[in-house]
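Residue numbers (numbering that gives the first Met the number 0): 0 to 710.
Built from N, CA and C at the ideal position, the CB exists for glycine as well.
These numbers were taken from a predicted model, which means no experiment stands behind them.
A quick write-up on the structure given underneath.
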Amino acid sequence: MKKKAERKKKTAGRAAALVLFCALIFGGMPHGAAASAADVPDPKVTVTVSPDSIKEGNPFDATFHFSHEYDPTPAPRSAVIRVSSPNNAVRIGKSEFLVTKFDEDDEDDDSDSLNYNLYIPERYLTYVGPGSGTLRFTITYCSDGDGKDKIADGKFTVQKTVVYASGDSGSLIRVDENSATPSIRSGSSAIVAIPLISSGPVSDARIKVTVPAENKISLSTAGSVYTMSFASGEKKDLNLPLAVDASVAEGIYPITLNIDGADMTAYVRVSSSGKGGLIVESYHLDRKTVYSGSRFRMDLVIKNTGARTLHNVTAALDSLATEAITVSGALDRQTAGSLAPGASASVSFPLSAASKMETGNYIVSVGLTADELEEAAVTKAFVPVSATASTDGSKPVIIIESYDFGSRAVTGGKEFGLTLNFKNTNPSTAIQNLKITISSTADEDTGGVFTPANSSNTFFVSKLGAGAGIQKKIDLYPKADAVPKSYGIDVKFEYESASDSKHEPLTATETISIPLTQPDRFEVTGADLFGPISVGTDGQLSISYVNKGKSTVYNLSVVLAGNFTAPEMNSYIGNVESGTSDSFEANLTPQGEGTLRGTATLTYEDPNGETKEIVKDFSCEVTAQQAPDEGMLNSGAEPVPGGAGGGTGKFVLIATLAAAGAAAFLVIRKKRAKKKQLLLDMEDDYDDLPPESAEGPEETAEPAAPREGLR
């Protein structure tokens, strides 16, 4: 009985300890918990800079005022502020400061906010450019006055632009080419959202919108000037109220945006009301500026907007022979194959601009055809061309005449060679002291994906004659984990004109784009057909697949063939995103007994547009249809009324056996539970039993007496 008392005592002790623990936890909790850093807004910062006008190389001082709606427990008594320049446009002599003075809140202000100032003298700040001078502040609040005892969740980061370069907003803001081209129907008025993105913080950028009147597209309101602000990397839509005349043909039309003095072109697609068919969903040029006399590439994205699959889809550039833009070294038509409903495909055309062209937008007509369409769908694309020389012919202009990287796309993690052909477009003036710098264009997701492989990114040419050209090659390495899409490469030219003794310094920058893909890692992991199956029944085929690559697999379809029938012998699945796995299943009906044999052909398009096939074989045995078992019919069981006795008898037998098994399981479980309880009781009363009874508790032990206090 001693063990019974001890067990009861331990149980009571544990319960008391649990109650005491809960009382301490809930009693010790504060009545109000401070918000975590995720719930607190970042500090607001304003700045006063001296002098007002700052040029590259100039030192300056700045006073920053921080206002922060933040009321932690314990209250901050100091703040450690680390200062950096994310774009390296400001050289910083001292990077860490300690703030110990916090202004008291306004008596009329009910909000709990921290207000404090940071002054940085000019000996610590120098604007070195290029671009805007932006400072990043990492603020850590501390509960002591020395900046040592950090407050939990008391770290915040905020940025502020302190120096704006001339025309800087125009160089930071651009049309987001990764977004879909906005569209509007002919004969309608609507708000069209132009997607913009900024690579740096911009305040109150002035955007003037110009729509060519000859295209019969106009702004439906009087205002044409907009003001927008951006945080670094922020995407925003410029919402334009447009009206399109009913006579406007289907196509993609340009809209000029002047952002703080810098011109850029956005595009809007005009679609006609009618039945579904083929459209040019969007198009993309491989460089920002196409100069007269240069070569460039135009990529078209074609989409099937109808409800049926279109075959032999072809894109043709019409009437280029008489235009200033012509196809260079290729056919003027490209085939996109078959397009399922809603599917898209890309085609590319290498083009050349004539050597003598005025600055402006030039039309390229695209005709789309398919076997199922009676008429071609004609779309207009606009190519902005810039003249390469000034009217007096004295100022030389250098351009990228053409470039090549060996294939339609480069692969992440694999080195490739980039060959660039440069040309001095001025026929009478030479170029000297030419410096060419190649760098990877930074975007909102990366700081650039291309780096030079075992070489410098700079070339120097002492002289380039009038009208002369030169070729340079550089090996580049793309990031292995880069997301598949087109990435930019900036080519900066710094040179002097040799037209006079002054040697006027000139600069220019061109951007080209290179499509990047990841290795095709689409795999079919198995084709399983469960058998054997009998004649008259269906077999279940399951095919598992996974896309392990970082690119999307397009237009996946499965074609079945063999000595069987299925509801769908040719099935279209669609696109398979990166990291996605799934399975294809089909019910197969054998044509007779023996061996069912078949193949599943999976067809898809890789990111480069190439069609690939994976063939999987499968088989299983097909047995004759089973007759009812006579022994089971004559076993004494009563026949089931209504016929079909053989199959029903089997189900009755199976149900009977299952019920018997369940009953046996319950009986055995009950006996084991009773035996286990008896053993526990015998253990409690072990000290009160004779020594010989401990050897056989099942046969000799009497049931234990009831415990005291439990009656």
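Check your understanding: When we look at the beta-carbon of L97 and count the other beta-carbons within 10 Å, is it buried (16 or more) or exposed?
Key -> To locate residue 97, count along the sequence shown from 1; it is residue 98. By the beta-carbon neighbour count (other beta carbons within 10 angstroms, threshold 16), L97 is exposed.
Check your understanding: When we look at the beta-carbon of Q590 and count the other beta-carbons within 10 Å, is it buried (16 or more) or exposed?
Key -> Here residue 590 refers to the residue found at position 591 when the sequence shown is read from its first residue. Exposed: under 16 other Cβ atoms inside 10 Å.
**Study point:** For S556, the residue or residues it bridges with in DSSP
**Key:** Position 557 of the sequence shown, counted from the first residue, corresponds to residue 556. Beta-bridge pairing links S556 to Y571, T602.
Practice item. Output the boundary residues of the beta strand (DSSP E) element that contains E400. Key: Indexing the sequence shown from 1 puts residue 400 at position 401. For E400, the enclosing beta strand (DSSP E) begins and ends at 397-403.
Review point. Helix or strand or just coil, what does DSSP make of R122?
Key: If you number the sequence shown from 1, residue 122 lands on position 123. R122: helix per DSSP, three-state reduction.
Check your understanding: Is T598 closer than 7 Å to A623 when the C-beta atoms are compared?
Key -> As a first step, residue 623 is located in the sequence shown; it is residue number 624 there, counting from the start. As a first step, residue 598 is located in the sequence shown; it is residue number 599 there, counting from the start. Note that the C-beta distance between A623 and T598 is not below 7 Å.
**Study point:** Cβ neighbours of A342 in the same chain (closer than 7 Å, five flanking residues each side left out)
**Key:** Position 343 of the sequence shown, counted from the first residue, corresponds to residue 342. Excluding its 5 nearest sequence neighbours in each direction, A342 has C-beta neighbours in its own chain below 7 Å: N303, N554, listed in chain order.
Review point. Contact between the region 526-545 and the region 580-596: three or more CB pairs below 8 Å?
Key: Three or more Cβ pairs closer than 8 Å define a contact, and the region 526-545 meets that threshold against the region 580-596.
Point to revise | Candidates Q431, N432, V448, L433, of which the one nearest S439 by Cα | key: Taking the sequence shown and counting its residues from 1, one reaches residue 439 at position 440. With distances taken between Cα atoms, S439 lies closest to V448.
Practice item. Can you give me the Cβ contacts of G487 inside the same chain, cut-off strictly under 6 Å, excluding the 5 residues immediately before and after it? Key: Taking the first residue of the sequence shown as position 1, residue 487 is located at position 488. Apart from sequence neighbours up to five positions away, the residues of its chain that approach G487 with a beta-carbon distance below 6 Å are T440, T510, S512, ordered along the chain.
Practice item. Quick one: residues in its chain with C-beta nearer than 6 Å to the C-beta of G144, no 5 flanking neighbours on either side, listed in chain order? Key: Looking up residue 144 in the sequence shown gives position 145. Within the same chain, Cβ atoms closer than 6 Å to the Cβ of G144 are found at R76, S77, T99, the five residues on either side in sequence being excluded.
Practice item. Mind checking which residues open and close the beta strand (DSSP E) that includes I258? Key: Along the sequence shown, one-based indexing puts residue 258 at 259. Unbroken beta strand (DSSP E) run through I258: 250-258.
Review point. Any idea what DSSP makes of L171, helix, strand or coil?
Key: What you label residue 171 is simply residue 172 of the sequence shown in a count that begins at 1. Residue state, collapsed to three classes: helix.
Review point. Would DSSP call E414 helix, strand or coil?
Key: The sequence position of residue 414 within the sequence shown is 415, counting from 1. Annotated three-state conformation of E414 is coil, per DSSP.
Review point. From the DSSP output, which residues share a beta bridge with H502?
Key: Mapped onto the sequence shown, residue 502 falls at position 503. Note: H502 sits in no beta bridge, so no partner.
Practice item. Note down the Cα distance separating S202 from T226, rounded to an integer number of angstroms. Key: Position 203 of the sequence shown, counted from the first residue, corresponds to residue 202. Position 227 of the sequence shown, counted from the first residue, corresponds to residue 226. The straight-line gap from Cα to Cα measures roughly 9 Å.
Check your understanding: Roughly how many angstroms lie between the CA atoms of K379 and V365, to the nearest whole one?
Key -> Taking the sequence shown and counting its residues from 1, the one referred to as residue 379 is at position 380. Taking the sequence shown and counting its residues from 1, the one referred to as residue 365 is at position 366. Note on geometry: alpha-carbon atoms of K379 and V365 lie some 6 Å from one another.
Exercise for review: Starting from G468, trace the beta strand (DSSP E) both ways and give me its first and last residue.
Suggested key: As a position in the sequence shown, residue 468 is number 469, starting the count at 1. Here the beta strand (DSSP E) through G468 covers 468-477.
**Study point:** Element boundaries [beta strand (DSSP E), containing Y69]
**Key:** Looking up residue 69 in the sequence shown gives position 70. Taken as a continuous stretch (DSSP letters only), Y69 belongs to no beta strand (DSSP E), as it is neither H nor E.
Review point. Excluding five sequence neighbours on each side, which residues of the same chain lie with their C-beta closer than 6 Å to the C-beta of A526?
Key: On the sequence shown, position 527 is the one that residue 526 refers to. So the list reads I542, A599, K615, F617, once near-sequence residues are dropped.
Point to revise | A88 beta carbon less than 7 Å from that of G132 | key: Along the sequence shown, one-based indexing puts residue 132 at 133. Along the sequence shown, one-based indexing puts residue 88 at 89. In contact: G132 and A88 (Cβ atoms closer than 7 Å).
Point to revise | Per-residue DSSP class, three states only, for E371 | key: Here the question's residue 371 lines up with position 372 in the sequence shown. Residue state, collapsed to three classes: coil.
Point to revise | Residue burial classification, G292 (beta-carbon count within 10 angstroms, cutoff 16) | key: For the purposes of this step, residue 292 is taken as the residue at position 293 of the sequence shown. It is buried - the Cβ of G292 has at least 16 other Cβ atoms within 10 Å.
Check your understanding: Hey, would you say T279 sits closer than 7 Å to L299, going by beta carbons?
Key -> If you number the sequence shown from 1, residue 279 lands on position 280. If you number the sequence shown from 1, residue 299 lands on position 300. The sequence given here has Val at residue 279, not Thr. A Cβ-Cβ contact shorter than 7 Å links V279 with L299.
Check your understanding: Is it true that the CB of G199 sits closer than 7 Å to the CB of L171?
Key -> Here residue 171 refers to the residue found at position 172 of the sequence shown. Here residue 199 refers to the residue found at position 200 of the sequence shown. Contact: yes.
Review point. When you compare only the Cα positions, how much space is there between I138 and P71?
Key: One-based indexing of the sequence shown puts residue 138 at position 139. One-based indexing of the sequence shown puts residue 71 at position 72. When rounded, the distance between both Cα atoms is 14 Å.
**Study point:** Own chain residues within Cβ distance below 7 Å of E620, not counting five before or after
**Key:** For the purposes of this step, residue 620 is taken as residue 621 along the sequence shown, with counting starting at 1. For E620, where only same-chain residues beyond five positions count, the Cβ hits under 7 Å are G530, P531, T594.
Review point. Out of curiosity, what's the CA-to-CA distance linking V736 and V363?
Key: Residue coverage of the chain in this structure runs from 0 to 710, which leaves residue 736 outside it and unanswerable.
Review point. Where does N720 sit, in a helix, a strand or coil, going by DSSP?
Key: As shown, the chain starts at 0 and ends at 710. That puts residue 720 outside it, with no answer to give.
Point to revise | Sequence ranges, beta strand (DSSP E) only - wholly within the region 186-231, length at least 3 | key: Note on the region 186-231: whole beta strand (DSSP E) runs with a minimum of 3 residues are 188-197, 201-209, 216-218, 224-229, in chain order.
Check your understanding: Is M297 near the ligand FAD, with its Cβ less than 6 Å from a heavy atom?
Key -> The ligand FAD is not among the ligands present in this structure, which contains no ligands whatsoever.
Practice item. Could you please give me the residues that DSSP links to Q333 through a beta bridge? Key: Looking up residue 333 in the sequence shown gives position 334. A314, per the DSSP bridge assignment.
Check your understanding: Considering only residues of the same chain and omitting the five flanking positions on each side of K215, which have a CB-CB separation below 8 Å?
Key -> Indexing the sequence shown from 1 puts residue 215 at position 216. Contacts found: V243, D244, S246, V247.
Check your understanding: If you draw a straight line from the C-alpha of V127 to the C-alpha of E55, how long is it?
Key -> Working through the sequence shown from its first residue, we reach residue 127 at position 128. Working through the sequence shown from its first residue, we reach residue 55 at position 56. About 5 Å.
Practice item. Tell me, please, whether the region 177-188 touches the region 143-158 by the rule of three or more beta-carbon pairs shorter than 8 Å. Key: No: fewer than three Cβ pairs fall under 8 Å.
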